[in-house]
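**Student:** One structure coming up, written as structure tokens, with questions to follow.
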Amino acid sequence: MTDMHMENLGNPDEFVAGGADWEDIVTAARQRADDTIVVNMGPQHPSTHGVLRLVLELDGETVIGARPAIGFLHSGIEKTTEFRSWTQACVLLTRTSYVAGMHNEAVYSLAVDKLLGITAEMPARANALRVLMMEVNRIASHLTAVGACGLELGATSVQEVCLRERERVLEFTEAVTGLRMNNAYIRPGGVAVDLPVNGVDLIRELVKQLRKNLPEVGQFTLENPIFKARLQGVGYMDLTQCMSLGMSGPVLRATGYPWDLRKTQPYCDYETYDFDVCTADTCDSYGRWVIRLNEMEESVKIIEQCAVKLEATAGQPYRIEDARLAATSDLSVAADGQGNSLAHVKHIMGDSMEGLIHHFKRNTQGFTVPPGQVYQTIESPSGELGCHVVSDGGARPYRVHMRDPGFNALQAVPMVCEGGMLSDAVVALGSLDTVMGGVDR
Amino acid sequence: MSETPDAAGALPVVPLPDVPTLIDSQEGTWGNTSPDVSGFGGLARRYDMPGLVTPPLEGWFAVVDQAISAKVPDVILARFVDRGELTLRVRPDLLPDLARVLRDDPYLRFEVCGSVSGVHYPAQAGSELHVVYHLLSITHNRRLRLEVAVPETNPHVPSVTPTWPMANWHERETYDMFGIIFDGHPGLSRILMPDDWVGWPQRKDYPLGGINVQFKGASTPSADNRRSYAR
């Protein structure tokens, strides 16, 4: 694209654009012995799940080379956290893999909890609220993955159903946290606000709705011959391939290996919930699709159990009860979506000078975390999400590294695309469920 | 680290370990150069990576420690057990041998190298740049952290990509962000930043690049230039 000619043909509204070396490129392509062409898919293609650039070498419609190029969404989130307080880092990190934002907050918060040494003291209600929001978020993320994959095949009704249900899920998320996405709800030491007064009713309503509507996606697709022809055998990765590339989540489970960190290395009391690990034995995009549909059903089961736990723990603390760590006030989500506590404002402005000082110190300086480093992993919708946190004993993280499953999974693009058709490359990429926000951070 | 003063009122001298563990040190109240009028300007504190232990270790940590020592002698420089996690500080030159043993030995079987990333410790003169490997053994359901320290002046670490192909992009990102060169990597190039970028963004001496926040008649320094209420 160097030396672009811009010729004005007399009329000020008309221009002719042409590459200066275009003739050379055409001549060089003609002189090559093979008939392969190199096509850039993206970085703004609807099928690349964000700003991913795929450099595809094509022989006719067959992909003989695929090289992903990333970094277009890199915004230095990890670096920026080093200049913000431990709590503020949540607000940044939730924006990494934004479709599954709740999981980013959770893995970071669990890591900081571990550094603080408060994991064992976390109130049961805080854990139940974390699990609730993670599973609600898992459904939202799977609906996005499933719907986008349907849309890429031209099955627009799949995407319509998925977006409709996802919107319901996000409405619930908004009622609890005040925001649809980028919530910063799960924080070190617990969660930001308690469940609203009618929260358990909202959960039951959501479960009822999801039970009724989620099977619709499967009815459209699972036995549809065209749909099966497009997904079965596409994006094949068996267990050996998955292990060599460190795959996790639905991609690994589609080989029949039941590796789910919620079961194998439980966190947030996941060991007390009754749910199944979904697997398939087809090693292909169809298997991953079926797993995502089944996992949403399992998540509904977990959400139901959360409702029981939250009913039993009503009125109990929803975050750690250490005044040095906890936020100063008990916020509730007001009509404008903002957190608010009039009682707290009255306390610090009218009653207690010490309360005002504490409020000021806690909200400007935050809290300190003893020196050390931890690595926490959780089962995010697309696989193992890791967070390496180093503290130097200060009020800010010394280093935060997010190990995003999508970053790792994109390395498999050549393996799942090469040798297949161009249209299958889109399906194979979609079945890896990568979100570029998490890949590039 | 005990900080109880003895009878004479002096703090006990803590012997420095052979392996540098210093994360950061601080002088004065604020830990930076802004005028300190608090009267505590003479304070000096150091913050070390906790958990340095000497063998024998406990539980499966001992199994891993002994299995490694038997197969690749002298590779382990130090062992840290902290918050239930085992960190092994290892020699960079023996890393490829160690990686192969960690993956293939039946007592170890760390099949997955989940994450490779860097940490920059400018306070550790001579070993400023650390590469951190997070390994997972699916067979034994264990996690292990390896740490390799190299100097800023010669930041070369052998690549583990021949053993763990999944480490390919993680090592590229670590090179991109920290300038650590992984010898033997099949295609070490920048991955997140543009190819022609100058500098290593995640190093501590690389500025965040914020701009001042303007208010009417005043301005607040950018996030990276504010006084740090560090500790």
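Each protein sequence line maps, in turn, to chains A and B.
Residues in the first sequence are numbered from 1 upward in steps of one, following this note's numbering.
Residues in the second sequence are numbered from 1 upward in steps of one, following this note's numbering.
Here a beta-carbon is modelled for each residue, glycine too, at the ideal position from N, C-alpha and C.
#1: With the cut-off set at 8 Å, would you say A100 (chain A) and Q376 (chain A) are in Cβ contact?
#2: What residue range is occupied by the uninterrupted beta strand (DSSP E) comprising S137 (chain B)?
#3: One question on the structure: do F110 (chain B) and L88 (chain B) come within less than 8 Å of each other, judged by their Cβ atoms?
#4: Mind pulling the chain A residues with CB within less than 9 Å of L95 (chain B)?
#5: Return helix, strand or coil for P405 (chain A), following the three-state DSSP convention.
#6: Flag this pair as yes or no: are the beta carbons of A128 (chain A) and K301 (chain A) separated by less than 8 Å?
#7: Could you check if L153 (chain A) is buried or exposed, using at least 16 other CB atoms within 10 Å of its CB as the buried criterion?
#8: Residue range of the alpha helix (DSSP H) that L88 (chain B) falls in?
#9: What is the DSSP secondary structure of T264 (chain A), reduced to helix, strand or coil?
#10: For the region 82-114 of chain B, enumerate the residues whose C-beta is nearer than 9 Å to any C-beta of chain A, in chain order.
#11: First and last residue of the alpha helix (DSSP H) that includes E443 (chain A)?
#12: For S2 (chain B), count the other beta carbons within 10 Å of its own beta carbon; 16 or more makes it buried, fewer makes it exposed. Which is it?
#13: Quick check: the Cα distance between D24 (chain A) and G217 (chain B), rounded to an integer number of angstroms?
#14: Just reading off the alpha helix (DSSP H) that Q241 (chain A) is part of, what are its end residues?
#15: Residue range of the alpha helix (DSSP H) that R253 (chain A) falls in?
#16: At which residue ranges does the region 123-206 of chain B contain complete beta strand (DSSP E) runs of 3 or more residues, listed in the order of the chain?
#17: Rounded to a whole number of angstroms, what is the C-alpha to C-alpha distance between E171 (chain B) and C283 (chain A)?
#18: Mind listing which residues of the region 229-257 of chain A have their C-beta closer than 7 Å to chain B's C-betas, in chain order?
#19: Hey, does W200 (chain B) have any beta-carbon neighbour from chain A nearer than 8 Å?
#20: Could you tell me the alpha carbon to alpha carbon distance between H442 (chain A) and G366 (chain A), rounded to whole angstroms?
#21: With G147 (chain A) as the anchor, note down where its alpha helix (DSSP H) starts and where it stops.
#22: Rank A:S97, A:T221 and A:G315 by C-alpha distance to the C-alpha of A124 (chain A) and give the top, closest one.
#23: Let's test the definition: count the other Cβ atoms within 10 Å of the Cβ of M436 (chain A) and tell me whether it reaches 16, buried, or not, exposed.
#24: Sort out for me which residues DSSP pairs G120 (chain B) with in a bridge.
#25: What residues in the region 364-397 of chain A bring their beta carbon closer than 9 Å to a beta carbon of chain B?
#26: With a Cβ-Cβ cutoff of 8 Å, do P381 (chain A) and D433 (chain A) count as a contact?
#27: Among residues of its own chain, excluding the 5 on either side of T240 (chain A), which ones have a beta-carbon nearer than 7 Å to its beta-carbon?
#28: Between the region 206-224 of chain A and the region 142-156 of chain A, are three or more C-beta pairs nearer than 8 Å?
#29: From the DSSP output, in three-state form, read off I76 (chain B) for me.
#30: Just checking: is the beta-carbon of K114 (chain A) within a distance shorter than 8 Å of some beta-carbon in chain B?
#31: At a Cβ threshold of 8 Å, is Q44 (chain A) touching chain B?
#32: Where are the beta strand (DSSP E) runs, 3 residues long or more, that stay fully inside the region 37-65 of chain A, in chain order?
#33: What whole-angstrom Cβ distance do P414 (chain A) and S391 (chain A) have, given they're in contact under 8 Å?
#34: Which value, in whole angstroms, describes the spacing of the CA atoms of E7 (chain A) and A184 (chain A)?
#35: Check the DSSP bridge columns for M421 (chain A) and list the partner residues they point to.
#36: Assuming the contact rule is C-beta atoms closer than 8 Å, P68 (chain A) and L54 (chain A) should be a hit. Round their C-beta distance to whole Å, please.
**Tutor:** Looking at the coordinates:
#1: no
#2: L129 to S137
#3: Result no, Cβ atoms of F110 (chain B) and L88 (chain B) do not sit closer than 8 Å.
#4: Those within 9 Å of L95 (chain B) in chain A number zero; the least Cβ separation is about 18 Å.
#5: Here P405 (chain A) sits in helix by DSSP.
#6: no
#7: buried
#8: Careful: L88 (chain B) lies outside any alpha helix (DSSP H), inside the beta strand (DSSP E) at E85 to V90.
#9: helix
#10: D82, R83, G84, E85, T87, E111, V112, C113 and G114
#11: Any answer about residue 443 (chain A) is impossible in this case: the structure gives chain A only from 1 up to 441.
#12: Any reading at S2 (chain B) is ruled out, since the residue's pLDDT is 42, under 50, leaving its predicted position unreliable.
#13: 59 Å
#14: L239 to S244
#15: P250 to R253
#16: 129-137, 142-150, 156-158 and 181-183
#17: Spanning the two alpha carbons is a distance of roughly 28 Å.
#18: M243, S244, L245 and G246
#19: For W200 (chain B), no CB of chain A lies under 8 Å from its own CB, so it is not counted at the interface with that chain.
#20: Nothing about residue 442 (chain A) can be reported from this structure: the residues present for chain A run from 1 to 441 only.
#21: A124 to E152
#22: Taking only the C-alpha atoms, the option nearest A124 (chain A) is A:G315.
#23: Buried, by the Cβ-count rule.
#24: Here the sequence assigns His to residue 120 (chain B), which means Gly is not the residue at that position. For H120 (chain B), which the question treats as bridged, DSSP gives the partners B:L129.
#25: Taken in chain order, the members of the region 364-397 of chain A whose beta-carbon sits within less than 9 Å of a beta-carbon on chain B are T364, Q365, G366, T368, P370, P371, G372, Q373, V374, Y375, T377, E384, G386, H388, V390, S391, D392, G393, G394, A395 and R396.
#26: yes
#27: none
#28: yes
#29: The three-state reading of DSSP puts I76 (chain B) in strand, counting E and B together.
#30: yes
#31: no
#32: 53-59
#33: Going by Cβ atoms, the distance from P414 (chain A) to S391 (chain A) rounds to 38 Å, so no, they are not a contact pair.
#34: Any answer about E7 (chain A) is weak, because its pLDDT of 49 lies below 50 and its placement is not dependable; what the coordinates show is given next. Approximately 51 Å between the Cα atoms of the pair.
#35: A:T62
#36: The Cβ separation is near 6 Å, so the contact holds.
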